[in-house]
Structure formats: C-alpha cells, structure tokens
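So this note's numbering is basically just the index in the first sequence, starting at one, shifted up by 403.
Where is the CB? At the ideal position from N, CA and C, for every residue including glycine.
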Amino acid sequence: MKVNITETTDTCKKINWDDMLDSELLDTIPTNKELKGNNTILDKGLHNKNVIHENTGQKRKSKNTELKVKKVRSDSNEEIKQQVPTETCKQGNNKNNHFRKQKYTKAIKNWLSNLEPPTEDITDLDNIVNDSKSSVDIIQQNTHNSHKEKLVIEKTSKTNKKVVQAQLANKDGIMKFSKPQPNAEDTKNINEAVETKPKEKKVKKFVAPIKSQIPVKDITYELHTLDEDNLDDHREGLHEIINIEIIAVLIYSNGFCQLNSHHTDGTCTPDGIIVNSDDMFYCFKGAGQKIKEALKCLLENNTVICYGAQNILSYLKTHLQMDRINPKIYDAKIGASLLEPDNPPENFSDVQKLLSFSAQYTVATECTLQKAAWYMSLLKQCWAKLYAMLAEDNLWKVFVEIEMKLLPIIAGMECRGLCIDMSKLKSMEEVLLNRMKAVEQQCYKAAGKVFQINSAVQVRAILYDELQLDAKCNVRIRETLCKGAKSTSETMLRSLMNEHPLPKLIMEYRHLHKAHATFLAGIAQHIKDGVVRPTWVQTAAATGRIASNNPNLQAIPKAPFDCVMFPEAGDTDNSQLMFRSIYVSRPGFSLVAADFRHVECRVFAHAAADAGLLRALADHPDLFRALAQHWLKKPEAEIVPEERERTKRLVYASLYGAGTRKLMEILDVDYQQALQVAASFNSSAADLCKLAMILSEEQLRTSSPPVDAHLLLQIHDELVWEVNDLHVDRAAAIIKQAMEGCGQWCGMTVPLPVAISTGKDWGSMQTLEN
DNA sequence: CTCTAGACGCTAGG
DNA sequence: CCTAGCGTCTA
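See below:
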C-alpha cells in the first residue's frame, strides 16, 4: 500500500506515521531481504518482519509460536498417528444426543473412508498398557452392560493429520474422541524442543492507518552514524557531552527502534544504539573497540534517559561485552508504570497517553533513523513531564533508589541464567511419563470409557451427571466463578474420593500432567545450551513485585513431588521428584539461597501493630505451623505439612485480599483508608524484597576482597545466588547481614530473620548455620 | 468447513 | 489477592 505523503502536508488530515509504518509492513514488504551496511536511508522494502518485541507483549506471541511449531512438525511428519474411534453405541439412557450423534457418525464416516481398515484387534486392556507399539487401542466398557466396545484406534497414515475438533463434542463432551497425544511423541519433545528453534512466519492482518491531526514538519535531525572508521572524526563532539542528560534508544536491524517496536511482531537482534544530546544524534553501530570505549564513556559520564533499559543493558552486555557498567539511568517505561501501577502502559504510545502528551508535529521521512530521532525527541519531552509527575506523587525516591538500582541487577540475572541438568530432567520425565500412562489407563477403566482427563467439562459430566457422586457423598459442590458450573477442583475431588476411585485418579493424573507439561517439557522449550534465561518483568505486577516469565521460575514447586499420591499398603514405589533439583550451579560454583522468614506477615504485623501476631512471630520459628496449630486446635507435633501449606495459602490470601476488611476493623478507619494502608503494606513488602536485592548486591560488590557471586533468581522473598565455591561462607555472611539490615533501612521495628542455605542444586539445599 | 483468539478452568508460586 | 502457564472449548 502506498501513502501519499505530499498530500498530507497540505491538508490537515495527516497520516500517523506509526500506523502507516505498521500497515506498510503488512503487505508491501518482502521479508527475505536483509539490510546491512546501509545505515542512513532504509528503504521501506527492507523491513524485516521479524522484530524484537517488548517483553510485556510476549505472552500471546510465544503461545502462537509454539502452536505453529507443533503444527509444522506434524505436517511434515509422515508418521502421524491418527486416533480413530470407530463407533460408540450409547445406551437407551442417551437422552439428548440426537444431533450430536448425527454429526459424529457423519464425521466418522468421512474419516474412515480415507483410511485403511485396522490391522489388528486387541481386546485386552492390559495388553495396551504393556504394548505401547500397538496400533490399536481398545478400551472395554466394563461398568455399563453395553453391548458394544469403544474402539480407539491409533492409525498410521500418509495423509495429513486430521484432528477431530471439539465441535463434535457438545456440552458434556464425552463423545469427543481426540485422545491425549501419544506418549511416544512426548518423550521426544524435550530433545526436539532444545534443538529446533521456533521459526515462525506470521502474516499480520491489515490494519488501516489512522489519520492523525498532527501537522507534518519538514525537519531533518542532525544525525551521524558512527562506526569504527569514522569515529575519530566526531571525537571532539563526543567529548563535550559530559554531565548532562542524554537519551539512548536501541535501533533494531529492521529499522524499528524501541519506541515504535510495538508495531511489529517476532524477534530480531538490536542493531545499534542511538544517543542524543541536545540536538545531536549519534548512532553507534558495530562492536569495535573504539565504539565500545566511546559509548562507555558517554553512558558513564551522563545521565541516561531511555525507554526499556533492560533491553539496552542486555544489548550492551551480550553484543558489546560491556559488563558492569553502571550508568545513572532513568527508564521512562518504569517511571510510567509507577504512576499507574494498576494499568501499566505497554508501549510508548501508551506512555504518551498516560502523560496526556501528544506530539506537536510529526516528520515525513522514510529514513528510519530520522524517524527514531523524532521519537527520541518525543521521549525527551515525555521525560520532562514524567519527572514532574513522579516528583509530585512522591515517587521519585522509590524510582531512583529502588527501581533504577534494580535495573542492572535484573539485567545481570537475565544475562547469566540458570544451568540445567539435562540428564536429570530426562530421567525425571521418563519416570513421570510411565506413571502417567498407568494412571491414564486406570482412569479410563474406572470411568468405563475414554475421555479427556484434562477437560474440566468432561470430568464434570462423568462425575456429577453420570456417576452422581455429589449426591452420593452428600456434598455441596462449589460452583465455578464464571459459568456457575460444578467445580472439579482439587478440594472438591478430595471430598468425593471415598465414594469412587475416579476422583483420586483424576487428581493424580492432573497432578502428573501439570508437572510434566509445565515443569519438565515446559521448561525444556526454553533451554538453550543447557541454560534457561527467564525474562524478569519489573513492571508487570500492580503490587510492585517482580514477575518472571518464559519460563516462570518463580512457580517451580518447592515441596518434593510424589509420583504416587495415594500409596497403597504394599506399594513400595513412592519415588519422589524434586523439580528444583534440575537447576544446578555451574562447575566450581554453589548455589546460595537466602530466605526471608515470612516477610509479608512481619510487614503486616508491623504495619498493623498487631501485638498477638508480633508475639507469635517472636516465639515460633515456624509461623504457619503455629497458626495451623492454633486454628485446628491440634498439638503442634500433629500438624502435617499439607495442613501447614493450606494454612499458608489461607494466610496469604487473607493478607492480600481480606486484609483490607480486617484492617478496617482493627484500625477503625473507613474503607478508603484501609485500602490505602493495605496498598502501602503490599508495596512495602515488595519493596523490601527489592531492597534486599539491591543492598546485598551492593555489599557483595563492594566487599574486599571481591566475592564472585551472581544473583540468579528472585522468588519474592527468596534470593538465589551462584557463588564461587571458595567464597561461599563469606558471601553467605554478607548476604545475611545485608538482608537483615533491610528492615532498619525501611524503619521496621520487627526483626527480619534470614535463613541461608547452600547446595549444588536448587533441590537439595542445606541450611547454613552461623 | 476450518482455523484461531479469547474466555474459562485449574494449579504452581508468594 | 495476584503472578505465570497449560489445557480445553466456544464463537
């Protein structure tokens, strides 16, 4: 598509360049061209569709990627297995299945006409469990006296994989016959996921450009592209830039920069960095020695304003090997999300909206560098406004003292990443898959039919409609939030489990499946060269907490994982898995974990000045155990870990949610005030954890002789370092001291005990006493 | 008819 | 209460 630029200069209806660029991308652009060397004028046609996307927008994209990969793989795979249920003859108790049945049989007919007849017939269930190669799966219906068997046939076919979609299933969904993926494929997943990189070709939908009212000015910014050769020509100019505010923005190899990268999707590498001081723009490209020095000098001697500092820091680290530079940096993105924590802006135009800032003019240029320069001038104006607003809201201190200091630390965490023990991962997966297979078959047997255990709808239909377990157990089943259907959550299944074996099995299967999908296969997707590097998002949570994603290492189960949930009397195979033990330290290093003991509770106790809670904290080493004891009226020795966990959940939930209401009573203030107190409590707990990171990192850096320690993880109140074996004891002492000092720094009167533990892997950490 | 985004359900973490 | 993530199911 083509936009007439000259016309826009005359009339008042201008094209917003953002949107134009966006839509341009969509259809005119050949994707296979790479641009290199040409760094002044970038032709439209040189845009690459693959562009780095901001962290915040990655969620959906990554999902898509996976889907696509999966699909591509199965398309190209000749040995696709098909699952063909032949016929299901329901009993007379089939009430309203007429329509569904029609649809079903029709689909089956169509389908079968493409297939060869099954080669084998096996009627013994046990055979199937044992013989994984069998191409025919038969599940015998054994609860109802049905006269027909249900066949599930796995078929090898040369045609593409056909998946009978959920359309065939109606509400109760039982007829649906796409079975969970065959396990053989699953086992390969880990290996493949490590090697195959998702290569995605996404066709963006056309978005019509929005005409903007901004006049177009004919401005050309003074912009120099610097590389190793011509750097010396500009040296004088560069040396004058000292002790002022400069703006730094990354430019990507497709011509976009950080400020308009939300118009693209996909991934690509940063290509250079543009620095602006006053009216001069310098674009640094390449990774030559001179460039590095000049850039370092520039960044360290000035105050750097940027948008998405995380990306810049990681660029400096990975591409220019500039480690440990510690510029005074202000990130407008984080500043903006501090202003509006509930609804953080996702991209630069959101920030502009938030600041109610609108550009006075736009530039008509096809040079992406010029365009980036224009964006940077906007950023400059935004920053001035943002600065005033932060100061006005008393957020400046938090911004500078906490958030900005956190930036380099998080960048370091992302850069280093965690090492993975692949062999452990694979062996665990094997154990899990075997167990899963067994449980799956048991489930089908208990239910009398094949169904999708992961589907809440189908489970619901079987449990409540068919088996009527809720009536039998005389339990009122809680309803789901949105649709008000009967819940199949763990607590509900637990209350049903004495009546029928199925609930147990379902619980177990879910448990296993989730564990496999999330903590083994899910993690495996993100492993590169034996290291996972999660993205840490500083601005994600309204509460001020840091969140991790791709993968989320903050949600790796802490407790050992039981493969067998309900060990039978004679069962000796109660193997336990520790998902955290997959994460190991590098050779010559150890992991050191530092854990605040119930910070939230302590902060809350401090904020609410609750004498009882304070005393409980002082007296008992294990608060949750003490609380469980109190509530359940049991002697402390009898509290099982599960009860403790539940109490913990309860405490957290009420601390955050119901906390507001409680505060209203305790402090005898109105709702609004209580809300404020609660909010301040929430954020102060989060800030305390951030502060702990900053202080301890600082202490470790400044200690002499230096300590070789790298922060790897932050799980809200737990920090995990990787420390050189020789320095472990010293590092532990420093960390402990720094963290315990945090409370005072914030003016807390409650002591903050810190537990330190070390080990070679995250699963088996020994507490360090001293 | 087929594909897919988004809503929903469940569960790890704190 | 809020985060991420996996899976199903519907429109």
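>> So, under 8 Å CB-CB, P960 and F922 are touching, yes? Tell me the CB distance rounded to an integer number of Å.
In response: Contact between P960 and F922 holds: their C-beta atoms lie close to 7 Å from each other, under 8 Å.
> In angstroms, rounded to a whole number, what distance separates the CA positions of Q871 and E1045?
Replying inline: Cα-Cα distance, rounded: 28 Å.
>> My output table needs one value for D868: the three-state DSSP class, helix, strand or coil.
In response: The DSSP-derived three-state label of D868 is helix.
>> Considering only DSSP beta bridges, list what A996 is partnered with.
In response: Answer is V1123 and S1160, bridged to A996.
> What residue from M910, P904 and C885 has the CA that sits closest to T891's CA?
Replying inline: The option with the nearest alpha carbon to T891 is M910.
>> Does W1165 pass the burial test, meaning 16 or more other C-beta atoms within 10 Å, or should it be called exposed?
In response: In the assembly as shown, W1165 is a buried residue. Its beta-carbon has 16 or more other beta-carbons within 10 Å.
>> Does the structure place the stretch 638-654 close enough to the stretch 701-716 that three or more beta carbon pairs sit under 8 Å?
In response: At 8 Å Cβ cutoff, the stretches touch.
> Should the stretch 804-818 be called in touch with the stretch 657-667, which here means at least 3 C-beta pairs below 8 Å?
Replying inline: No, the stretch 804-818 is not in contact with the stretch 657-667.
> Taking the alpha-carbon positions, what's the E1143 to L1103 distance?
Replying inline: Cα to Cα, the separation comes out at about 14 Å.
>> Just to check my reading of the structure: L1017 and V1110 have Cβ atoms closer than 8 Å, yes? What is that Cβ distance to the nearest angstrom?
In response: With a beta-carbon spacing of about 34 Å, L1017 and V1110 fall beyond the 8 Å limit used to define contacts.
> Opposite M683 in the DSSP bridges: which residues?
Replying inline: According to DSSP, M683 bridges with E625 and S680.
>> Can you confirm whether the stretch 782-798 touches the stretch 628-638 when touching is taken to mean that 3 or more C-beta pairs between the two stretches lie within less than 8 Å?
In response: They do not touch, by the three-pair rule.
>> Just to check my reading of the structure: N1085 and T946 have Cβ atoms closer than 8 Å, yes? What is that Cβ distance to the nearest angstrom?
In response: Right, their Cβ atoms sit about 5 Å apart.
>> Our contact map puts V1123 next to L915 with C-beta atoms below 8 Å; I'd like the distance itself, whole angstroms only.
In response: That pair is no contact at about 27 Å.
> Whole-angstrom Cβ separation of A739 and L716, contact assumed at under 8 Å?
Replying inline: Not a contact, Cβ separation roughly 18 Å.
> Tell me which same chain residues have a C-beta within less than 6 Å of the C-beta of Y685, skipping the five on either side of it?
Replying inline: Cβ contact annotation for Y685 (same chain, cutoff 6 Å, sequence separation greater than five): H627, L629 and V678, in chain order.
> Can V940 and I949 be called in contact, C-beta distance under 9 Å?
Replying inline: Their beta carbons are under 9 Å apart, which means V940 touches I949 by this criterion.
> Can you tell me whether V1034 is buried or exposed, with buried defined as 16 or more other CB within 10 angstroms of its CB?
Replying inline: At residue 1034 the sequence reads Trp, which differs from the Val that was named. Under the 10 Å beta carbon count, W1034 is surrounded by fewer than 16 other beta carbons and is classified as exposed.
>> Here's the rule: buried if 16 or more other CB atoms are within 10 angstroms of the residue's CB, otherwise exposed. What is Q1169?
In response: Counting Cβ neighbours within 10 Å, Q1169 comes out exposed, since fewer than 16 surround it.
> When we look at the beta-carbon of I645 and count the other beta-carbons within 10 Å, is it buried (16 or more) or exposed?
Replying inline: Exposed, by the Cβ-count rule.
>> Can you check which of these residues, D932, C1145, A1081 and V935, is closest to E1100 by C-alpha distance?
In response: Of D932, C1145, A1081 and V935, the residue nearest in Cα terms is C1145.
> Excluding the five sequence neighbours on either side, which residues of its own chain have a C-beta within less than 7 Å of the C-beta of L634, listed in chain order?
Replying inline: Non-local C-beta neighbours of L634 in its own chain, meaning closer than 7 Å and more than five positions away in sequence, comprise K693, I694 and A697, ordered along the chain.
> With a CB to CB cut of under 7 Å and the five nearest residues on each side skipped, what residues in its chain are close to H1113?
Replying inline: For H1113, same chain residues with a beta-carbon under 7 Å away, outside a window of 5 residues either side, are G815, R819, W1124 and E1125 in chain order.
> Is T623 buried or exposed, if buried means 16 or more other CB atoms sit within 10 Å of its CB?
Replying inline: Under this definition T623 is an exposed residue.
> In whole angstroms, what is the alpha-carbon distance linking I593 and V853?
Replying inline: Note on I593: pLDDT 40, under 50, position unreliable in the model; the coordinate value appears next. C-alpha separation (whole angstroms): 27 Å.
>> If I measure Cβ to Cβ from A1095 and keep anything under 6 Å in the same chain, skipping five residues before and after, which residues do I get?
In response: Answer for A1095: M1142 and C1145, listed in chain order.
> Between the C-alpha atoms of K875 and N714, what's the straight-line distance to the nearest angstrom?
Replying inline: Their Cα atoms are separated by approximately 58 Å.
> Quick one: what's got a C-beta closer than 7 Å to R881's C-beta in the same chain, skipping five residues either side?
Replying inline: Taken in chain order, the residues that qualify are S890 and M895.
>> Would K736 and Y778 qualify as a contact pair, given that the criterion is a beta-carbon distance under 9 Å?
In response: Judged by their CB atoms, K736 and Y778 are not nearer to each other than the 9 Å cut-off.
> CB-CB under 6 Å to G691, same chain, minus the five flanking residues each way: which ones, in chain order?
Replying inline: So the list reads E631, once near-sequence residues are dropped.
> To which residues of the same chain is E1091 closer than 7 Å at the C-beta, ignoring the five residues directly before and after it?
Replying inline: Position check: residue 1091 holds Leu in this sequence, whereas Glu was assumed. Within its own chain, the residues whose Cβ lies closer than 7 Å to the Cβ of L1091, once the five positions on either side in sequence are excluded, are V1002, V1006, C1145 and C1149, listed in chain order.
> Are there 16 or more other CB atoms within 10 angstroms of the CB of R1052, so buried, or fewer, so exposed?
Replying inline: Exposed: under 16 other Cβ atoms inside 10 Å.
> Among all the DSSP beta bridges, which residues are the ones paired with I880?
Replying inline: DSSP lists no bridge partner for I880.
>> As an exercise, report each continuous alpha helix (DSSP H) stretch of at least 4 residues that is fully enclosed by the stretch 724-799, in chain order.
In response: 735-742, 751-757 and 771-795, all fully within the stretch 724-799.
> By a C-beta neighbour count over all protein chains shown, 10 Å radius and 16 as the cutoff for buried, is L1012 buried or exposed?
Replying inline: Inspection of the sequence shows that residue 1012 is occupied by Ala rather than by Leu. Within a 10 Å sphere around the beta-carbon of A1012 sit fewer than 16 other beta-carbons, which makes this residue exposed.
> Helix, strand or coil: how does DSSP classify C700 here?
Replying inline: Helix at C700.
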